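Sequence order for the protein chains is A and B.
The opening position of the first sequence corresponds to residue 126 in our numbering, with each subsequent residue numbered one higher.
The opening position of the second sequence corresponds to residue 126 in our numbering, with each subsequent residue numbered one higher.
Protein chains: 2
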Amino acid sequence: MTATETTPALDPDAIRVLLDGEHRAIRDEVRAGLADAAYERPIPAPPDDEYRELVLEWARELAADGRAGLGYPQEFGGQDNVGGSIAAFETLAYGDLSLLVKCGVQFGLFGGAVLHLGTREHHERYLPQIATFELPGCFAMTETGHGSNVQAVGTTATYDPAAEEFVIHTPDEESTKDYIGNAAAHGRLAAVFAQLIVGGGESRGVHCLLVPIRDERGRACEGVTLSDCGPKLGLNGVDNGRIAFDHVRVPREALLDRYAQVSADGVYFSPIENPDRRFFTMLGTLIQGRVSVCGASISATKVAQTIAIRHGERRRQFGPPGSDHEVPLLSYRAHQRRLLPALAKTYALHFAQQELIAELHRAFTVDDYPERDQRELETRAAGLKALATWHAVSTIQECRECCGGAGYLAENRFAELRADTDVFTTFEGDNTILLQLVAKSLLTDFRDEFGELNQIETVGFVVGQVYETVVERSAVRELVQRLTDDLVPGREDELDLLDRAYQLDLLRWREEHMISGVARRLKRGIDSGEDPFDVFNDCQDHVIATARAHVEREVLEAFSRAVEGCDDEGLRAGLDRLCNLFALAAIESDRAWFQEHGRISSTRAKGVTRAVNALCAEVRPHAGALVDGFAIPDTVLHAPIGQPERDPGTGSR
Amino acid sequence: MTATETTPALDPDAIRVLLDGEHRAIRDEVRAGLADAAYERPIPAPPDDEYRELVLEWARELAADGRAGLGYPQEFGGQDNVGGSIAAFETLAYGDLSLLVKCGVQFGLFGGAVLHLGTREHHERYLPQIATFELPGCFAMTETGHGSNVQAVGTTATYDPAAEEFVIHTPDEESTKDYIGNAAAHGRLAAVFAQLIVGGGESRGVHCLLVPIRDERGRACEGVTLSDCGPKLGLNGVDNGRIAFDHVRVPREALLDRYAQVSADGVYFSPIENPDRRFFTMLGTLIQGRVSVCGASISATKVAQTIAIRHGERRRQFGPPGSDHEVPLLSYRAHQRRLLPALAKTYALHFAQQELIAELHRAFTVDDYPERDQRELETRAAGLKALATWHAVSTIQECRECCGGAGYLAENRFAELRADTDVFTTFEGDNTILLQLVAKSLLTDFRDEFGELNQIETVGFVVGQVYETVVERSAVRELVQRLTDDLVPGREDELDLLDRAYQLDLLRWREEHMISGVARRLKRGIDSGEDPFDVFNDCQDHVIATARAHVEREVLEAFSRAVEGCDDEGLRAGLDRLCNLFALAAIESDRAWFQEHGRISSTRAKGVTRAVNALCAEVRPHAGALVDGFAIPDTVLHAPIGQPERDPGTGSR
């Protein structure tokens, strides 16, 4: 501890500027708006029906400021600023998460479906009303029996050329739209995903249509059955409900027809011939939802960490024998271990998320964004969303426990943070499924065929088409690294654990090794005549681990670039230390694998643990500044135990 | 998967009988009572003040059945059945956990303080009224500024010989009694832990006194300030509050005087001379609270697992290409991995808990229970409580995620299970602190001095007194094992991963190695003149890991004894498989350590992972029976997605 006291203090304002990045002005505006309006769950929480109305009111106030349509085209009252709209959403996530999700459903999911799947007529007619929340809507994709496997939804939209109408129908209970935000109380129009049937019989696959569900007085439309999902683990300010359709008729124009049209006389046309590819192209445009949830998870984690780290600096327990002087919790190694590697990871995820936002913004603004880049972007969003939402859940829990009894009181925010973020791990794509999608992209090398294969078909595809590329490519890389790196006897000692290039090499090598390992296993299974399902299932944990390894490597690269790009020398040194902590904690947590694959020795593995301990001690004096840099307004943070130190004299040591 | 289909099915009733053990009748009675009364949180949850009254009413109903005083002496209306009372408490934990904690506070903590720290007069006067809940009371130990470090409480009890009274006083805000169950609304008498001051000046250490806080009409007594902790993350049916005293006078008889008396003229006497030892002796009698929380955590975990596993058997998603036949979630390896090792661990903890209950019962019933056994028992309770409560939190979370959107609905129980069990990790002893206590016992070899040393004094003690014993003892054992076990080249392959003796050897070796490692590090630090606090702090994570290793070894031994003791051959085989899964999953999760310490090769480490996968597939067909064996009545389980299969024809494959 003594050696580190000479490290110059970090400046929270400089951190804030760096973290806020290019959307700083928007973030500050949202911060100020949150602090003024103090949108926050009253304590005790009001009954759900009141809370829902309160959230609707807040959302309308917010929409009145014009910030809701930030990402919409200028001609419909927006600012064409997709990146800015996600930055605003992320910042809004410092406050009440029901408000956030209510906005996400309305402006992001529902509005996004109209914007991205519809055409000019839909935009003109609906976007302005959506942006003001005048027309509350639903994104009706998930069904009771069809969650992750969206392609299997049972709702049908059958074209009736005589009436020039579509007939929307729910054939069975399993096909009821379920968990739909805005459905239980407020939604009037729903973007409904249904099997499109034109010209008798066969489905053209899943398409999206706008279907009125309530009239202006809030009564269910004819043929529409609405019900309430009831109380949830969290997010009870959002009215999730169920929707069932009994032969509900909508005009031909109800079809959001950017990727497929049906002529008046019932001829189907789509520029994308392959139905699977069409489906995934449609889904791809909705990527914004995942990026938004990812950012919101990171923000919620920052709230929890700000509270827990300030508490850990202030709260004292026990001390040296014979002394009345108790020691701050954060000076204990066990406490540092519980909080600081997670803080480093939040920073890492933050930088990866900012790069993701920038790329998403590019995808929506440049002409002819390449399809391969689109695939990569979708893959990054899926992977980062999985890691960030799991990080939120585990970190908020750890923060709560680190605050003991005080952490259990609702006033200190962990109750709502935990409850509200929990569903992020399974909505907008279940994390386990998302990681399998990531692995599929890696195995098929982001080819156009992405999205056209289900998991098991991937097995055959990998075996048939990319096996050699994947395996040979990584075999060569591994070989080169083995020759130059620490596996050459006697060289390991010379390699510095704090060398970024070494850390990156380890994560890259792991990823390559895992990808080629999975490809080999799939090929071996198929070659020996096993059932493709069994072959796939046998590798499933390996597949998921591969995806994790890939995302973690990407996250380290993003953090590393952020450190390099920082031109304030003192701050750069501080971030570099934090990046080391992130990298080595990641390596430490998978050091079993690195040993199993002969990539690090057992001596080195123990060295990694020692290095993480040392880095925790080095980061500890800066922990306060690192959370201050998140710049969560005191009134928004709200937790009594998380307020900044009032008397700087009692300081952080 | 095919190989396992021949394994005979397990009989849920046989499992139930085995799990229920010697307290089967009591457990069945509580099950029936729960099912009849259907004590359960209404959905939506009522406002906290209504919920609190409802819980009080339930608790009184329950007390009217006479089950509350099961563990009290027969002469005061009890049955002298400590083991049975914990079995009843565990079973009650299948239902509403606010009711459980309300009962725990009243009958266990408050009643337990009167029973174990008081003497005959206190028993006669209070126990009968406590057992009927006629006299609601508090266990007022924790203070705002003094949580884990209870010896540092600031409340004082100063004897005034002129009036023959104690003066109870809260000197500052940090010394306010905080988070106290029953304090916000219902409590009338509080067992208050305070520094006892007799004859001027110096404190005799922490003692417990009975102090009235409310009169019969619910008004605060003079000098007593009561306030409400407000809404909490969970357990909102319990009225936690704060208590402050302003020179409140109580008669001399208010002191619970089993371990220390004060004569009328103000002479202090205690049969235990050392004040630290006296304090820990007093705390030791309250061990029942930890054992109860431990059992409750295991029960709550069983509820979550019953729901998630039944859902995983029924819910189908995706399937082989070109097939309409979707596959049950539980047939996917990733899903098995998420649920089945945790199920094996619940069984393991269950058996360890049953042994703990039996030993606790013995401690309270035999005369002259040896002090060393008492230390060991306290250590076991502390360690098992930490592991079981963390297991509950992580498992309930995993179960919730495995149920997707349905898992997020309050009706499916995870919301309350997560929220209510959360505080178990930090109350009745913070888990991190408890594990440090466990390590201290190991390092001091359960000597009498246990409890008289704070963590840092332990450093000096270990160095001064037990270093040689601890290190030499384990060095010899390690040497013997190294000579006979798998480190001898070429022998590893011959050792069967499924051999229980081999599994136990690994866990024992790890524990010994860690204990002697910590002892060596402490000695080296002190010998080189470092500050004892720094020496201790530098080892803190190692100390905690040591305690975990110790508890895990004990748990495996308990599971192993249960398997051996099972005389139904089919069931024994099933349990043996489950015990293998528990043991190998434990080894797998720490395989980095085993490799680092040369105890298993990297080849073997990979083999452990393969074995865990294979065991998951083997356990999968029996998962339904294994949760049916918990025998949670349907109405108590309550979750729609957790109800047993209605049509056995659609079965579990």
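A virtual CB, placed ideally from N, CA and C, is assigned to each residue, including glycine.
Computed from a predicted structure; not experimentally measured.
List, in chain order, every chain B residue whose beta-carbon is nearer than 8 Å to that of K357(A).
Position 232 of the first sequence holds residue 357(A). Near K357(A) (Cβ distances below 8 Å), the residues of chain B are Y533, L534, A535 and A540.
Can you name the start and end residues of the alpha helix (DSSP H) that A369(B) belongs to?
Translated into positions along the second sequence, residue 369(B) becomes position 244. Annotation: A369(B) is outside any alpha helix (DSSP H); the continuous beta strand (DSSP E) that includes it extends over G366 to F370.
Cβ neighbours of H667(B) in the same chain (closer than 6 Å, five flanking residues each side left out):
If you number the second sequence from 1, residue 667(B) lands on position 542. Excluding residues within five positions, the ones whose Cβ falls inside 6 Å are V643.
Quick one: using the 10 Å Cβ neighbour count with 16 as the cut-off for buried, is T350(A) buried or exposed?
Taking the first sequence and counting its residues from 1, the one referred to as residue 350(A) is at position 225. Here T350(A) is exposed: its Cβ has fewer than 16 other Cβ atoms, across all protein chains shown, within 10 Å.
Using a Cβ-Cβ cut-off of 7 Å, state whether V548(B) counts as contacting chain A.
Taking the second sequence and counting its residues from 1, the one referred to as residue 548(B) is at position 423. Cβ-Cβ to chain A under 7 Å: yes for V548(B).
In whole angstroms, give me the CA-to-CA distance for R497(A) and L408(A).
Within the first sequence, the letter at position 372 stands for residue 497(A). Within the first sequence, the letter at position 283 stands for residue 408(A). About 16 Å.
To the nearest angstrom, how far is the alpha carbon of T514(B) from that of R339(B)?
Here residue 514(B) is taken as the residue at index 389 of the second sequence, counted from 1. Here residue 339(B) is taken as the residue at index 214 of the second sequence, counted from 1. One Cα belongs to T514(B), the other to R339(B), and the distance between them is close to 33 Å.
Going by alpha carbons, who is nearest to D136(A) out of A708(A), L696(A) and Q768(A)?
Residue 136(A) sits at position 11 when you count from the first residue of the first sequence. Per the Cα distances, L696(A).
Please state whether the Cβ-Cβ distance between I412(B) and T406(B) is less than 7 Å.
Taking the first residue of the second sequence as position 1, residue 412(B) is located at position 287. Taking the first residue of the second sequence as position 1, residue 406(B) is located at position 281. No, these two residues do not count as a Cβ contact at 7 Å.
For V336(A), name the three-state secondary structure that DSSP assigns.
On the first sequence, residue 336(A) is found 211 positions in, with the first residue counted as 1. V336(A): strand per DSSP, three-state reduction.
Distance, Cα to Cα, E682(B) vs Y627(B)?
Along the second sequence, one-based indexing puts residue 682(B) at 557. Along the second sequence, one-based indexing puts residue 627(B) at 502. Using only the alpha carbons, I get a separation of about 12 Å.
State the DSSP-derived secondary structure class of Y176(B), mapped to helix, strand or coil.
Here residue 176(B) is taken as the residue at index 51 of the second sequence, counted from 1. Three-state result, Y176(B): helix.
Using the rule of at least 16 other Cβ atoms within 10 Å of the residue's Cβ for burial, across every protein chain shown, is E526(A) buried or exposed?
Position 401 of the first sequence, counted from the first residue, corresponds to residue 526(A). Under this definition E526(A) is a buried residue.
Against chain A: residues of the region 267-280 of chain B by CB proximity under 9 Å
T267, T269, G270, H271, G272, S273, N274 and A277
Please work out which residues of its chain come closer than 6 Å, Cβ to Cβ, to A736(B), disregarding the five sequence neighbours upstream and downstream, and give them in chain order.
Translated into positions along the second sequence, residue 736(B) becomes position 611. Taken in chain order, the residues that qualify are L622 and L709.
So, is the C-beta of C419(B) closer than 7 Å to a C-beta in chain A?
The residue given as residue 419(B) occupies position 294 in the second sequence. With 7 Å as the cut-off, C419(B) does not count as an interface residue toward chain A.
Closer than 8 Å is the cut-off here; do at least three beta carbon pairs connect the region 245-256 of chain B with the region 345-359 of chain B?
no
Over the uninterrupted alpha helix (DSSP H) stretch that includes V752(A), give me the two end residues.
Taking the first residue of the first sequence as position 1, residue 752(A) is located at position 627. Start and end: A748 to D753.
Where the region 327-360 of chain A meets chain B: residues whose CB sits under 9 Å from a CB there:
C354, G355, P356, K357, L358, G359 and L360
For a contact defined as C-beta to C-beta under 7 Å, what are the partners of R649(B) on chain A?
Numbered from 1 along the second sequence, position 524 holds the residue referred to as residue 649(B). Neighbours of R649(B) on chain A: none; closest Cβ ~14 Å, over 7 Å.
Going by C-alpha to C-alpha distance, which of P376(B), S714(B), S395(B) and R377(B) sits closest to A385(B)?
Against the second sequence, residue 385(B) aligns to sequence position 260. With distances taken between Cα atoms, A385(B) lies closest to S395(B).
Collapsed DSSP secondary structure at L314(B) in the structure displayed
Start at 1 with the first residue of the second sequence, and residue 314(B) comes out as number 189. Correct three-state label for L314(B): strand.
At the 7 Å Cβ level, is S514(B) part of the contact set with chain A, yes or no?
Indexing the second sequence from 1 puts residue 514(B) at position 389. Looking at the sequence provided, one finds Thr at residue 514(B) rather than Ser. It does not: the Cβ of T514(B) has no partner Cβ on chain A nearer than 7 Å.
My output table needs one value for T520(B): the three-state DSSP class, helix, strand or coil.
Translated into the one-based positions of the second sequence, residue 520(B) becomes position 395. If DSSP states are grouped into helix, strand and coil, T520(B) belongs with the helices.
Let me confirm a value: G437(A) is counted as buried when at least 16 other C-beta atoms fall within 10 Å, else exposed. Which label applies?
Numbered from its first residue, the first sequence carries residue 437(A) at position 312. Buried, because 16 or more other Cβ atoms sit within 10 Å of the Cβ of G437(A).
Whole beta strand (DSSP E) runs in the region 274-332 of chain A with 3 or more residues, listed along the chain?
281-285, 290-294, 302-305 and 314-322
For the 8 Å Cβ check, are there 3 or more pairs between the region 217-224 of chain B and the region 420-439 of chain B?
yes
For P376(B), which of helix, strand or coil comes out of DSSP?
Here residue 376(B) corresponds to residue number 251 of the second sequence, with the count starting at 1. Note: P376(B) maps to strand in three-state DSSP.
Counting C-beta neighbours from all protein chains within 10 Å, is the total for D145(B) 16 or more, i.e. buried, or is it exposed?
Residue mapping note: residue 145(B) aligns to position 20 of the second sequence, counting from 1. The residue in question, D145(B), is buried, as its Cβ has 16 or more Cβ neighbours within 10 Å.
For a test of the three-state rule: what should DSSP assign to L195(B), helix, strand or coil?
Taking the first residue of the second sequence as position 1, residue 195(B) is located at position 70. Reduced to three states, the DSSP call for L195(B) is coil.
Any chain B beta carbon closer than 7 Å to G366(A):
Residue 366(A) sits at position 241 when you count from the first residue of the first sequence. No, G366(A) does not count as interfacial toward chain B.
Residue-chain proximity (Q479(A), chain B), Cβ-Cβ < 7 Å:
The residue you call residue 479(A) lines up with position 354 of the first sequence. No, because no Cβ of chain B sits closer than 7 Å to the Cβ of Q479(A).
Apart from the five residues on each side of it in sequence, which residues of its chain come closer than 7 Å, Cβ to Cβ, to E451(B)?
The residue given as residue 451(B) occupies position 326 in the second sequence. Excluding five sequence positions before and after E451(B), the CB atoms of its chain that fall closer than 7 Å to its own CB belong to R441, Q442, F443 and G444, given in chain order.
Close Cβ partners of E378(B) (< 6 Å) along its chain, the five nearest in sequence each way excluded:
Reading the second sequence from its first residue, position 253 is the one you call residue 378(B). So the list is empty, once near-sequence residues are dropped.
Could you check whether Y304(A) and L252(A) sit closer than 7 Å to each other, using their CB atoms as the reference points?
Here residue 252(A) is taken as the residue at index 127 of the first sequence, counted from 1. Here residue 304(A) is taken as the residue at index 179 of the first sequence, counted from 1. Not closer than 7 Å, so no.
Under a three-way DSSP split, which group does A188(A) fall into?
In the first sequence, residue 188(A) corresponds to position 63, counting from 1. Three-state result, A188(A): helix.
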